[in-house]
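See below for the structure under consideration.
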Amino acid sequence: VPYGFDDPLFFNHLETKGDFARWSQDIDQSFDLYASTSEEAVQRLHAHGMKRACQVPFATSPRPFEIGSTGAPPAGTLEHTAVIVGRPYDKRLALVEELLEQDVPVSVFGHGWSGVGDTPEGLTLHGPLEREAMNAVYASAGVVITTGDWEDVRIPMVKYRLLEVAMVGGFQIVQESPD
């Protein structure tokens, strides 16, 4: 399933060259489904016989990126803090330790952090966040640390969190990934 997030950028070029029908046919023959952020792209693909094209409304809706304060720490409390969102596992725990050793204050959010033992100075534990509160945390943190592996398995990949933080205007450091 390919994901077209900038289809309209290419429409004029494809139509000028007379390649839109061929592009549609290539997609139809190559993929089970074509997901696009563009309603226009989906309509054009349908008109050219590609009936398995669909719009992905989540990717085009601002709703998932609304910021709310319910459940988030008070405004201004995270501006000089490194934030990590997600469950604790060995690699994340080591990252938190390293940040604390460098005198970087850390706030962690998610299930399981209260069960990791004593809370060292500089570390603030929080539970999981609802969507709008999580967006508020991402937007107000000094920096969001976005890891890319799957727990303790080295699989460098783009996590959705990277996109969430970017969409709310947060500052982040992300794990290197070829993607």
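My numbering puts the first residue of the sequence shown at 3, with every later residue one more than the last.
All C-beta atoms, glycine included, are put in the ideal place defined by N, C-alpha and C.
These figures come from a predicted structure and were not determined experimentally.
Check, Outcome
"Exposed or buried, which one is Glu81 when buried takes at least 16 other CB atoms within 10 Å?", "exposed"
"State the Cα-Cα distance for the pair Asp9 and Phe33, rounded to the nearest angstrom.", "16 Å"
"Would His48 pass as a contact of Ala23 if the rule is Cβ separation under 7 Å?", "no"
"So the beta strand (DSSP E) Thr148 belongs to, where does it begin and stop?", "145 to 148"
"Output yes or no for whether 7 Å exceeds the beta carbon distance between Val170 and Ala135.", "no"
"What alpha helix (DSSP H) runs, 4 residues minimum, are completely inside the segment 54 to 101?", "59 to 62"
"Cutting at 7 Å between CB atoms, please list the residues of its own chain near Pro122, excluding the five before and the five after it.", "Leu102"
"Report all residues from its chain with a CB closer than 8 Å to the CB of Gly114; omit the five preceding and five following residues, and keep chain order.", "Arg89, Pro90"
"Check the DSSP bridge columns for Phe111 and list the partner residues they point to.", "Val87, His128"
"So if DSSP puts Tyr140 in a beta bridge, which residue, or which two residues, is it bridged to?", "Its beta-bridge partners do not exist; DSSP assigns none."
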